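Only one structure is covered here, and it is reproduced in the block below.
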Amino acid sequence: MRIKLELIHSEFSRFLQTDADYEKAINECQIIKQSAFFSQGVLLKCIDHKPLFPYLHLAQFHWQDQTKRIYEIGEKIRECGPDPRSFYGSYDEISSLCKTAVVGEPNLPTNRHAGYIVIAFKLLDDANKQQNLEKTWLNWSGAREIYKHSPRNWNLRKISLLKHPFVYKNGANRPFAYILLCEYGSILHPANTIQALDICERLRTRNCGLVALYQVHTAYSNEAPSAPSSSVVSARRYPMSRGFSEDVVEVIKRESPRRAPRLRSRERSLQIADEHFYQPYQMQ
Numbered sequence: 002m003r004i005k006l007e008l009i010h011s012e013f014s015r016f017l018q019t020d021a022d023y024e025k026a027i028n029e030c031q032i033i034k035q036s037a038f039f040s041q042g043v044l045l046k047c048i049d050h051k052p053l054f055p056y057l058h059l060a061q062f063h064w065q066d067q068t069k070r071i072y073e074i075g076e077k078i079r080e081c082g083p084d085p086r087s088f089y090g091s092y093d094e095i096s097s098l099c100k101t102a103v104v105g106e107p108n109l110p111t112n113r114h115a116g117y118i119v120i121a122f123k124l125l126d127d128a129n130k131q132q133n134l135e136k137t138w139l140n141w142s143g144a145r146e147i148y149k150h151s152p153r154n155w156n157l158r159k160i161s162l163l164k165h166p167f168v169y170k171n172g173a174n175r176p177f178a179y180i181l182l183c184e185y186g187s188i189l190h191p192a193n194t195i196q197a198l199d200i201c202e203r204l205r206t207r208n209c210g211l212v213a214l215y216q217v218h219t220a221y222s223n224e225a226p227s228a229p230s231s232s233v234v235s236a237r238r239y240p241m242s243r244g245f246s247e248d249v250v251e252v253i254k255r256e257s258p259r260r261a262p263r264l265r266s267r268e269r270s271l272q273i274a275d276e277h278f279y280q281p282y283q284m285q
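Heads up, the sequence shown is in this note's numbering, so the first residue is 2 and it goes up one at a time.
Okay, structure coming up:
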């Protein structure tokens, strides 16, 4: 699985700048979902008081050829028109913890109470130590602590460690080497928000990464998805629009001669008045 992350940096000194960041993020959703390799994505909004990155794109791209995936993600990044205030990159999921068993590929969360704790890390010393870091990721990333102390009503679904496929030398523009994504189904329910912000603050005091709390703002998917790969068993759920159900065509059947007496007998046993006896519908 290849994931494209974009962290949009902004300062809240002016509301005009915030509006521009929002419009840019929405336009990028349209660009991303036009890719033939794109599967599903969500636009996340940071709810911290003074966020460094107000918006974050989490988009999944699927294709067996890794080189083609990376090239396609790079093309979409160029179409989005990156600027110095944004960080872009393609990441591979190298390790994960699932709170509940999931068959096949799960959907990204879409409800308004869902959210993510996101922790981003940069490498400051020898990049050759990455292999040792990945063996002990549960400790230094904070994943073990998050898994242990997340309340049950937050509905922790998954903790993933994402890795950037390329190693960059020290420099101002190098991307985050690792991203820790903690996916919750109801962390931002009104009863949970204050506690969620508190645990993020506690993580900042003990963690060397950039910690932020994000809420699902917009979910989007490929409007014309390609045929699923035979190597992946699809078990995706397609929820209906909230408040509506699918139309069901009512089918009227003739009652058999033996059905009416059985229904009358049942209604008498329930002491239903005679005027309510079942009368089978006769089609004209």
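Glycine included, every Cβ here is placed at the ideal spot set by N, Cα and C.
Quick caveat, the model's predicted, so the values are computed rather than measured.
Check                                                                                                                                                                                           : Outcome
What is the rounded straight-line gap between the Cα of residue 136 and the Cα of residue 94?                                                                                                   : 14 Å
Within 10 Å of its beta-carbon, does residue 244 have 16 or more other beta-carbons around it, so buried, or fewer, so exposed?                                                                 : Summary for residue 244: the model assigns pLDDT 33, below 50, so the residue's position carries little reliability, and this model does not support an answer.
Name the two residues that bound the continuous alpha helix (DSSP H) containing residue 131.                                                                                                    : 131 to 136
For the beta strand (DSSP E) that residue 60 lies in, which residues bound it at each end?                                                                                                      : 56 to 62
When you compare only the Cα positions, how much space is there between residue 242 and residue 112?                                                                                            : Residue confidence for residue 242 is low, a pLDDT of 32 falling below 50, so the modelled location carries little weight; the figure read from the coordinates is stated next. Using only the alpha carbons, I get a separation of about 11 Å.
Would you please state the rounded distance, in angstroms, between the beta carbons of residue 165 and residue 46? I believe it to be under 8 Å.                                                : The pair is not a contact, with the Cβ atoms about 23 Å apart (cut-off 8 Å).
Sorted by chain position, which residues of the same chain lie with C-beta nearer than 8 Å to residue 205's C-beta, five sequence neighbours on each side aside?                                : 212
Identify, in the order they occur along the chain, each residue of the same chain with its Cβ nearer than 7 Å to the Cβ of residue 39, setting aside the five sequence neighbours on each side. : 33, 60, 62, 223
Do residue 186 and residue 156 have their C-beta atoms within less than 7 Å of each other?                                                                                                      : yes
Give every residue of the same chain whose Cβ lies closer than 8 Å to the Cβ of residue 198, excluding the five residues on either side of it in the sequence, and list them in chain order.    : 48, 49, 214
When you compare each of 179, 120, 114, 97 to residue 90 by their alpha carbons, which one comes out closest?                                                                                   : 179
Which whole runs of the beta strand (DSSP E) in the region 83 to 123 are 3 residues long or more, in chain order?                                                                               : 87 to 99, 116 to 122
Let me check one thing: in DSSP terms, what residues is residue 183 bridge-paired to?                                                                                                           : 118, 160
On the three-state DSSP scale, how would you describe residue 34?                                                                                                                               : coil
Give me the Cβ distance between residue 209 and residue 118, rounded to the nearest whole Å; I'm assuming they're in contact under 8 Å.                                                         : So it is not a contact: roughly 15 Å between Cβ atoms.
Just checking my contact of residue 109 with residue 35 at CB under 8 Å: how many whole Å lie between their CB atoms?                                                                           : With 8 Å as the limit, residue 109 and residue 35 do not qualify as a contact, their Cβ atoms being about 18 Å apart.
What does the alpha-carbon distance come out to for the pair residue 28 and residue 58?                                                                                                         : 12 Å
Rounded to whole angstroms, what's the CA-CA distance from residue 221 to residue 37? Just pull it up for me.                                                                                   : 14 Å
What would DSSP say about residue 51, mapped onto helix, strand or coil?                                                                                                                        : coil
For residue 73, which residues of its own chain have a beta-carbon under 7 Å away from its beta-carbon, when the five flanking residues on both sides are left out?                             : 36, 38, 62
Residues in its own chain within less than 7 Å of residue 147 by CB, not counting five upstream and five downstream?                                                                            : 118, 160, 183
Could you tell me the distance, in whole angstroms, from the CA atom of residue 238 to the CA atom of residue 107?                                                                              : In this prediction, residue 238 scores a pLDDT of 38, lower than 50, which makes its location untrustworthy; no coordinate-derived value is stated.
Rounding to the nearest angstrom, what Cα-Cα distance links residue 20 and residue 30 in this structure?                                                                                        : 16 Å
State yes or no: is the C-beta of residue 96 within less than 7 Å of the C-beta of residue 138?                                                                                                 : yes
Quick one: what's got a C-beta closer than 7 Å to residue 154's C-beta in the same chain, skipping five residues either side?                                                                   : 187, 193
Name the two residues that bound the continuous alpha helix (DSSP H) containing residue 198.                                                                                                    : 194 to 207
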